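Everything on this sheet refers to the single structure shown next.
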Amino acid sequence: MTTYHLPLLFFYKPNGSSDFFKPQVLQEALSKTLVQFYPMSGRLGRDENGRLEILCNAEGVLWIEAETTSAMDDLDGFTQTGSHG
3 MTTYHLPLLF FYKPNGSSDF FKPQVLQEAL SKTLVQFYPM SGRLGRDENG RLEILCNAEG
63 VLWIEAETTS AMDDLDGFTQ TGSHG
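Per the numbering used here: the sequence shown = residues 3 to 87.
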């Protein structure tokens with residue numbers, strides 16, 4: 003089965019507060035939201051006729067959290083597509 007990946011990467015600038023961004027709050031909110039909108043955490047697959055379908059298999063979504071002291075200019079290969087905030 004062919005798999006599809008929707009890569010999203012968000013960067014947040016510190017606002018001076020020691021707790022300006024709490025990943026655990028975002029992760030908990032995402033978890034609660036996906037209970038109500040479970041197809042959003044499904045996998046794309048194909049049925050026996052080759053049509054795309056959403057497989058709701060309770061596997062959840064991939065969550066990766068990272069932190070760096072690098073400058074944005076040090077991170078190559080990213081294209082900014084707009085501001086989200």
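Note that beta-carbon positions come from the ideal geometry of N, C-alpha and C, so glycine has one too. Please read these numbers as outputs of a predicted model, since none were measured by experiment.
- Per DSSP, Glu61 is not a residue of any beta strand (DSSP E), being assigned neither H nor E.
- For Leu54, the beta-bridge partners assigned by DSSP are Arg48.
- Judged by DSSP in its simplified three-state form, Ser33 adopts helix.
- Here the segment 57-74 makes contact with the segment 41-49; the two share three or more CB pairs at distances below 8 Å.
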